[in-house]
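Undergrad:
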Amino acid sequence: MMSDEEQTKEIRHKREDTEQPLVLPGIHRYQFFTNLKDRGWTMNLDRAALFGIVAALLATILKPLAHRNPATIYCYECRACYATQDRCPVGITFQAELAVAGRVTDYLRFLRNGGLKCIRCGNCQSYCVQYLPLPEMIGTMQHDTRLAIRKGIVPRYALEAALKDGLVGKEFIDDVVNALA
Ligand code: SF4
Ligand code: SF4
26 MMSDEEQTKE IRHKREDTEQ PLVLPGIHRY QFFTNLKDRG WTMNLDRAAL
76 FGIVAALLAT ILKPLAHRNP ATIYCYECRA CYATQDRCPV GITFQAELAV
126 AGRVTDYLRF LRNGGLKCIR CGNCQSYCVQ YLPLPEMIGT MQHDTRLAIR
176 KGIVPRYALE AALKDGLVGK EFIDDVVNAL A
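Those letters in the sequence shown? Residues 26 to 206, by our numbering.
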């Protein structure tokens with residue numbers, strides 16, 4: 026015959042579905058090792074991790090919105106647009122890098138991949154599996170990069186390297202040369 030305490034323990038260790046956390050109406054999340062209530066520390070770590078994931082997702086969405094470049098959010102980095110190859114008249118090979126640089130406003134990545142020599146012809150758009158408006162996305166980032174160059178935000182070494190490697194189109198040459206003067 027079990028004592029009351031033993032019976033309570035026995036009940037606590039039963040793994041009834043109905044005692045598991047409810048994630049959606051009628052759907053319980055099964056906890057494999059311990060009940061949430063028995064692990065306060067990991068429960069708080071779970072919450073911290075979830076908070077970090079939500080914050081990262083929000084930053085991924087809010088930054089492109091603030092920079093008026095919402096289409097970049099939809100790029101899922103499949104890199105199908107690399108198939109453009111020699112149909113890009115200025116020889117840009119990594120269009121997805123330009124899309125991602127626009128999403129996170131990474132001027133160095135944009136410069137390094139020839140963003141300032143894109144002439145927005147649109148040839149790469151038909152290779153995008155989502156038909157994203159690559160010329161507009163790249164054009165918006167070119168505009169932001171030009172402003173950043175004028176404000177002195179883009180480091181000198183990156184501008185020098187872009188110029189040396191022929192990664193600056195004639196539209197932007199004056200901005201880069203003036204920034205280096
Ligand atoms: S839009 Fe820009 S990256 Fe795309 S093919 Fe034309 S020049 Fe190349
Ligand atoms: S094909 Fe489109 S979705 Fe895929 S990486 Fe290129 S721009 Fe992004």
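We treat Cβ as the ideally placed atom computed from N, Cα and C, and that holds for glycine. Small disclaimer: the values here were computed from a predicted structure and weren't measured.
Give me the residue from 67, 188, 205 and 86 with the minimum Cα distance to residue 139.
TA: Within the sequence shown, residue 139 is the residue found at index 114, counting from 1. Considering only alpha carbons, the answer is 188.
Undergrad: Report all residues from its chain with a CB closer than 6 angstroms to the CB of residue 158; omit the five preceding and five following residues, and keep chain order.
TA: Mapped onto the sequence shown, residue 158 falls at position 133. The residues are 96.
Undergrad: For residue 175 and residue 169, what's the separation of their Cα atoms in angstroms?
TA: The sequence position of residue 175 within the sequence shown is 150, counting from 1. The sequence position of residue 169 within the sequence shown is 144, counting from 1. In a straight line, the C-alpha of residue 175 is about 10 angstroms away from that of residue 169.
Undergrad: Would you identify the three-state DSSP class for residue 168, choosing helix, strand or coil?
TA: Position 143 of the sequence shown, counting from 1, holds the residue named residue 168. The answer is helix: DSSP assigns residue 168 an H, G or I state.
Undergrad: Spell out the partners DSSP gives residue 53 in its beta bridges.
TA: Counting from 1 along the sequence shown, the entry for residue 53 is found at position 28. DSSP lists 47 as partners of residue 53.
Undergrad: Short of 6 angstroms in beta carbon distance, which residues of its chain neighbour residue 183, apart from the five on each side in sequence? Order them along the chain.
TA: Along the sequence shown, one-based indexing puts residue 183 at 158. Hits under 6 angstroms: 133 and 136.
Undergrad: Any heavy atom of ligand 1 inside 7 angstroms of the beta-carbon of residue 158?
TA: Along the sequence shown, read from residue 1 onward, the residue named residue 158 stands at position 133. Result no, Cβ not under 7 angstroms from ligand 1.
Undergrad: Based on Cα-Cα distance, which residue from 206, 121 and 69 lies nearest to residue 143?
TA: Taking the sequence shown and counting its residues from 1, one reaches residue 143 at position 118. Comparing Cα-Cα distances from residue 143 to each of 206, 121 and 69, the minimum goes to 121.
Undergrad: Helix or strand or just coil, what does DSSP make of residue 102?
TA: Walking along the sequence shown from the start, residue 102 turns up at place 77. Residue 102 falls in the coil class under three-state DSSP.
Undergrad: Going by beta carbon distance, what residues of the same chain come within less than 8 angstroms of residue 103, once the five residues before and after it are set aside?
TA: In the sequence shown, the residue the question calls residue 103 occupies position 78. Counting only Cβ-Cβ distances below 8 angstroms, and skipping sequence neighbours, we find 121 and 154.
Undergrad: Take residue 130 and list the residues in its own chain whose beta-carbon comes closer than 7 angstroms to its own, dropping the five residues that flank it on each side.
TA: The residue you call residue 130 lines up with position 105 of the sequence shown. These residues qualify, in order along the chain: 88, 92 and 169.
Undergrad: Judging by CA-CA distance, which residue of 52, 177, 190 and 186 is the nearest neighbour of residue 203?
TA: The residue labelled residue 203 in the question sits at position 178 within the sequence shown. With distances taken between Cα atoms, residue 203 lies closest to 177.
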